[in-house]
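First comes the structure, then the notes that go with it.
2 protein chains.
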Amino acid sequence: MHNLIILSKNAKEYQRLIEAETLPDLNVLAAATHPSQIDSRTACDILLGDTTLISAILDQLPDLRWVQTTWAGVEPLLKPGLRRDYQLTNARVVFGPLMSEYVFAYLLLNERRIIQRYQSQHEHTWDASITGTLRGKTIGLLGVGSIGAHLAYTAKHFGMQVRGYTRLSKSCRDVDQYYHAAELQAFTRGLDYMVNSLPNTSGTRHLVDSKMLAWLPPHAIVINVGRGSTLDEPALAAALTTGQIAGAVLDVFEKEPLPQEHIFWNTPNLLITSHTAAPSIPSDLAALFSENYHRFRQNLPLYHIVDFEQDY
Amino acid sequence: MHNLIILSKNAKEYQRLIEAETLPDLNVLAAATHPSQIDSRTACDILLGDTTLISAILDQLPDLRWVQTTWAGVEPLLKPGLRRDYQLTNARVVFGPLMSEYVFAYLLLNERRIIQRYQSQHEHTWDASITGTLRGKTIGLLGVGSIGAHLAYTAKHFGMQVRGYTRLSKSCRDVDQYYHAAELQAFTRGLDYMVNSLPNTSGTRHLVDSKMLAWLPPHAIVINVGRGSTLDEPALAAALTTGQIAGAVLDVFEKEPLPQEHIFWNTPNLLITSHTAAPSIPSDLAALFSENYHRFRQNLPLYHIVDFEQDY
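Chains as they are written, first to last, in the numbering used here: chain W, 472 to 783; chain S, 472 to 783.
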């Protein structure tokens, strides 16, 4: 028998979905929205939940063997000094399609001049000005994990050229050309769109800085769906204000919610979407948990394992 | 030797592109933006151009054997009394990908609440309200020609359920379920999105009327990229004003440009895009012409033939 604790703001929904799967030998010990609601912890060997909530009870579970997060981000579980004697799997895989919808919503918004059309209509003006197309445009992906790979897949669907910037990997066949390490300048040259989906590691902090922004052509659009820390925020605000690049769409920020006094609220050609690009969809998560549970029972390698050493 | 007349507002660009293909035995007799600029007409056996310009000189070309239009629409060439002793091919095939960009730009705009996000940002508000996803939603395609088929292909990419309403055909494998003739009510039931790409024929006039709009659920969005005449405009304005359906995106209208006094300028939840969903892209057209020219020379069946009897 395995004993599961669910600890999430959507705990009841996860419990309902998982119980509907009637997984063999699985007992739900607790389904709580806060650690204080959990009575019995000692028997728990599986923990499913939101990353920040999980980190609060991590050291109170002597029998813990597997943690499945409902988020893609796992940074709070990787802090020095925290236990690493369990298997950690995250939810990044379910975010690819959702992130693709978000990113391509904004790419198409830009090509099809939807904001301008909306304003023309407000003025009762028949606006037949020519719009653009994604076909033949070049997208640069900073990071080609499960999210970047899905972005590449959708980019090819729309006939785009795809560049990928990664540390080592070059396994995604939808990427036309890979760039690594010192090839950052070559990667950015001539990009129409640059999308960051890198995780938060020591090597990615402020990777997108004033130097890199200066390499982009003036019509480029920057999109951040990864981590706020990857982007030097004052440098981006400056690049947008001077017209060095044409626009940006940001879902993540160094501090969230974005403080009222932040320069971004008054930065031109910037769209802010308040960390909503890819909401966790409980039914997807439950299916992922269920698939991994069957593997866990049979001592098979789990899917979506987080490597504690690689930070992602 | 074959003699081509190009008659289009983009005549010079078509001439440049076609001459760059160095097609064997092809002589460009004229490349004009207006019929009055053409001196020699008698030798012309191939005509390439914009549908309305072509219709003006159709009866002045004794040797005409093939007409390639730069538009998808060919209605002016199908009027009773006009000659039909030549092969007519149209440009509909190049519009599929462009129409897909347009349609999915607006579907994603709706799911991702982009207009609302834009307004929240204007008010310096961190708007973390939940957005939707295309995955699992149902799209109904009125017409599954080359445009509808490409819409179906993109819809499957985003994980949607696809219904197709056609007269007879059911050949597109991206359509999950086909409906014909009297099955219009079953087709509309429960649709999240309904997209019209039907041609203008006697059977499609005001197909989307008050009765059909009443069958749609209140959250449905209607998109028209086909012909303005397919849609009963006062009926749609009424359905949008009373909230019978949630929204509409219209690229085509019964009269264009949309007259200043038209009710649509003051209709709520309506987006107007001024017949720009799929601009003809000369390089695509030149490639299509070139491909068909090789077949024409060899007396092979041309691609994209218009059936004079079927009206499309």
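Think of the CB as a built atom: it goes at the ideal place given N, C-alpha and C, for glycine as much as any other residue.
{"Item": "Flag this pair as touching only if the stretch 484-496 of chain S and the stretch 754-768 of chain W have three or more C-beta atom pairs under 8 Å; answer yes or no.", "Value": "no"}
{"Item": "What is the DSSP secondary structure of N481 of chain W, counted as helix, strand or coil?", "Value": "coil"}
{"Item": "Select from W:G699, W:E546, W:H765 and W:S751 the residue whose C-alpha is nearest the C-alpha of F735 of chain W.", "Value": "W:G699"}
{"Item": "Could you name the residues of chain W that R606 of chain S contacts, counting a contact when the two beta carbons are closer than 7 Å?", "Value": "P568"}
{"Item": "Can you check the stretch 481-568 of chain W for any alpha helix (DSSP H) of at least 4 residues that lies completely inside it and give the ranges in chain order?", "Value": "482-491 and 522-528"}
{"Item": "If we call anything under 8 Å between Cβ atoms a contact, is A623 of chain W one with V633 of chain W?", "Value": "yes"}
{"Item": "Straight-line CA distance for Y649 of chain S to Y589 of chain S?", "Value": "38 Å"}
{"Item": "In whole angstroms, give me the CA-to-CA distance for S681 of chain W and L702 of chain W.", "Value": "10 Å"}
{"Item": "Could you run through the stretch 689-705 of chain S and flag, in chain order, every residue whose CB is less than 8 Å away from some CB of chain W?", "Value": "none"}
{"Item": "Return helix, strand or coil for V723 of chain S, following the three-state DSSP convention.", "Value": "coil"}
{"Item": "What do you get for S511 of chain W, buried or exposed, if any count of 16 or more other CB atoms within 10 angstroms of its CB means buried?", "Value": "exposed"}
{"Item": "Buried or exposed: where does A503 of chain W fall if 16 or more other Cβ atoms within 10 Å of its Cβ makes it buried?", "Value": "buried"}
{"Item": "By Cβ distance, which residues of its chain are closer than 7 Å to S571 of chain W, with the 5 residues on each side in sequence left out?", "Value": "H621, L622 and T625"}
{"Item": "Can you pull out the residues from the stretch 617-645 of chain W whose beta carbon lies closer than 9 Å to at least one beta carbon of chain S?", "Value": "Y624, T625, H628, F629 and G630"}
{"Item": "Could you tell me the boundaries of the alpha helix (DSSP H) in which N763 of chain W lies?", "Value": "P753 to R768"}
{"Item": "Which of helix, strand or coil does DSSP assign to Y774 of chain S?", "Value": "coil"}
{"Item": "Where do the N-terminal and C-terminal ends of the beta strand (DSSP E) with Q587 of chain W fall, by residue?", "Value": "From DSSP, Q587 of chain W is part of no beta strand (DSSP E) but of the alpha helix (DSSP H) over I585 to H593."}
{"Item": "Do we get a CB-CB distance below 8 Å when we pair Q590 of chain S with the residues of chain W?", "Value": "no"}
{"Item": "For the candidate residues W:T672, W:H690 and W:L741, whose alpha-carbon lies nearest to that of P705 of chain W?", "Value": "W:L741"}
{"Item": "Assuming contact is defined by CB atoms lying nearer than 8 Å, are Y573 of chain W and A749 of chain W in contact in what I supplied?", "Value": "yes"}
{"Item": "Give me whichever residues DSSP pairs with N474 of chain W in a beta bridge.", "Value": "W:N498"}
{"Item": "Does Q587 of chain W pass the burial test, meaning 16 or more other C-beta atoms within 10 Å, or should it be called exposed?", "Value": "exposed"}
{"Item": "If contact means a Cβ-Cβ distance below 8 Å, which residues of the stretch 485-513 of chain W contact chain S?", "Value": "none"}
{"Item": "Can you name, in chain order, every residue of its own chain whose Cβ lies under 7 Å from the Cβ of M472 of chain W, other than the five neighbours on each side?", "Value": "D496 and N498"}
{"Item": "In terms of residue numbering, what span does the beta strand (DSSP E) encompassing Q632 of chain W cover?", "Value": "Q632 to T637"}
{"Item": "Can you find a C-beta in chain W that's less than 8 Å from the C-beta of W537 of chain S?", "Value": "no"}
{"Item": "Given that a residue counts as buried once 16 or more other Cβ atoms are within 10 Å of its Cβ, and exposed if not, what is Y774 of chain W?", "Value": "exposed"}
{"Item": "Which residue from S:N481, S:F575 and S:L519 puts its Cα closest to that of I695 of chain S?", "Value": "Position check: residue 695 of chain S holds Asn in this sequence, whereas Ile was assumed. With distances taken between Cα atoms, N695 of chain S lies closest to S:F575."}
{"Item": "With DSSP as the reference, identify every bridge partner of G718 of chain W, one or two as the case may be.", "Value": "W:I692"}
{"Item": "Looking only at its own chain, which residues have a Cβ that is under 6 Å from the Cβ of E546 of chain W, when we skip the five neighbours before and after it?", "Value": "N671"}
{"Item": "Taking Cβ positions only, does W736 of chain W come closer than 8 Å to chain S?", "Value": "yes"}
{"Item": "With respect to 7 Å, is the separation between the Cβ of R768 of chain S and the closest non-hydrogen atom of the ligand NAD below this value?", "Value": "This structure lacks the ligand NAD, and indeed carries no ligand of any kind."}
{"Item": "Consult DSSP for V615 of chain W and reduce its assignment to one of helix, strand or coil.", "Value": "coil"}
{"Item": "Would DSSP call I734 of chain W helix, strand or coil?", "Value": "helix"}
{"Item": "Three-state secondary structure (DSSP) at T602 of chain W?", "Value": "coil"}
{"Item": "Distance, Cα to Cα, N561 of chain S vs R676 of chain W?", "Value": "53 Å"}
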